[in-house]
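Here is the structure we will look at, set down as structure tokens.
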Amino acid sequence: MAEIIRSIRGMNDILPEATPYWQVIETTLKDVLAGYGYQEIRFPIVEKTELFKRSIGEVTDIVEKEMYTFEDRNGDSLTLRPEGTAGCVRAAMENGLLNQTQRLWYMGPMFRHERPQKGRYRQFHQLGVEAYGFEGPDIDAEMIMLTARLWKALGLKGVTLQINSLGSTEARLAYREVLIAYFEQHHSELDDDSQRRLHSNPLRILDSKNPEMQSLNEAAPKLIDYLDDESKQHFEQLCQILDSVGIAYEINPRLVRGLDYYGKTVFEWVTDQLGSQGTVCAGGRYDGLVAQLGGKGATAIGFAIGLERLVALLEATDALPEIKPTDAYLVAVGEQAMSQAASLTERLRDELPGIRLISHCGGGSFKSQFKRADRSGARWTLILGDEEVSNQTIGIKTMATGEQQTIKWAELPSFLSQ
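Residues in the sequence shown are numbered from 4 upward in steps of one, following this note's numbering.
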């Protein structure tokens, strides 16, 4: 017997019992985005490796350790996308979308070769939202208000908003030197990752998840104390807007991004319900990325939500959406009944758009068909035999109570609409 081929470690199947929850969540996200005027963009899951090296940076864990990279038959180096922002910017630049303001969103799989654990997978799904061409803090606030409305629409509680400002490039460069000097004074206390990042990407040290680094990071100089005047004003105005709409937030001076093209506003929605994988949504301004990828400078801001973590959080907080059950399951026994079943169910689908109606296939006795009907979770079982066909009637069993009745075919659409 041939060996069974199994899935790749860290790449999970989403089974029929779970996909209805995903579908409701995805529809809710799309509806909220439409309410703010955001439009969907779709772009390939495979891009040239250089796109991610240039956008994410070569001295990062993602590029150094986590990307799925391969050479195609032409010898070109290609990579499965580890995140969506770079591909979205590339698509917007290439197709001339950056000549005017844009509000865009996308949803789909991303790929990173990291150690699989709860809430962190090698294939994972993200909602990404990006806006281009807006300079003021109002778009930053809109992004945060939009995410707050997403949580409200999903019935999600227990998430906290953290915000910070990274300032201008010049302010960060000055802060970078201060930070390097501070960590050099405590070099022996740095873990291996932090020592490696000390001169290449010192801001990422502040984002370390190593518990032994926390006290050292708590005492580090704070970026917010080194902001330029424009960034200070931008951040103050953002806070004023959030205050005016009643969105609570915590200013977290250790909330940083290690990439040079990020600046000014950064934000995260976090939870304590998912252990170490507590970030549900992360976003911020990346005004420098378009120029870094070869385009004319354009202001940009965006965020991403990990859908696996969002589903896990909804489950952990008993907030999974209600799933509409199957309305009816038709069982048919007898030559005339089986020949009539298809036309009857198709007429019902014509008259009742959206009805969830399963028609039994594969034959079998009434008993075996009733077992299938029961397993389907349908509200009603429709019973069709040769006698019912002769009388143009149909039996109906209400599965919750076991009550049975017989009605005319003509009455069936009205009955199923209740």
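The beta-carbon is built from N, C-alpha and C at its ideal position, and this holds for glycine as well.
These figures come from a predicted structure and were not determined experimentally.
Taking the C-beta atoms as reference points, Leu310 is found nearer than 7 Å to His128. Taking 3 residues as the shortest admissible run, the segment 10 to 87 contains the following complete beta strand (DSSP E) segments, listed from N- to C-terminal end: 49 to 51, 72 to 74, 80 to 83. Fully contained in the segment 282 to 362 are the following alpha helix (DSSP H) runs of length 4 or more, in chain order: 292 to 295, 310 to 319, 338 to 354.
Residue state for Ile254 is assigned as strand, using DSSP reduced to three classes. Nearest C-alpha to Lys400 among Leu316, Ala301, Leu419, Arg57: Leu419.
Listed in chain order, the non-local C-beta contacts of Ala285 below 7 Å within the same chain comprise Glu271, Phe306, Ala307, local neighbours out to five positions each way being set aside. With fewer than three CB-CB distances shorter than 8 Å, the segment 179 to 195 does not count as touching the segment 284 to 304. Counting the other Cβ atoms within 10 Å of the Cβ of Phe55 gives 16 or more, which makes it buried.
Its Cα nearest to that of Ala222, the residue Pro256 stands out among Arg207, Glu20, Ala251, Pro256. Here Leu107 really is in contact with Gln42; their C-beta atoms are around 6 Å apart, less than 8 Å. Of Ala151, Met402, Gly388, the smallest CA-CA separation from Thr396 is found for Gly388.
Look at Asn220 here: in three-state DSSP terms it is helix. Distances from the alpha-carbon of Pro140 to those of Leu83, Thr104, Leu245 put Leu245 closest. Residue burial is scored here from C-beta neighbours: Ser197 has at least 16 other C-beta atoms within 10 angstroms and is therefore classed as buried.
Judged by beta-carbon spacing, Met113 lies beyond the 7 Å limit of Ile304, meaning their Cβ atoms are not closer than that value.
With 16 or more other Cβ atoms inside 10 Å of its own Cβ, Lys267 counts as buried. DSSP links Arg123 through a beta bridge to Gln120. The beta-carbon distance between Ile326 and Val27, rounded to whole angstroms, is 7 Å. This is short enough to meet the 8 Å contact definition.
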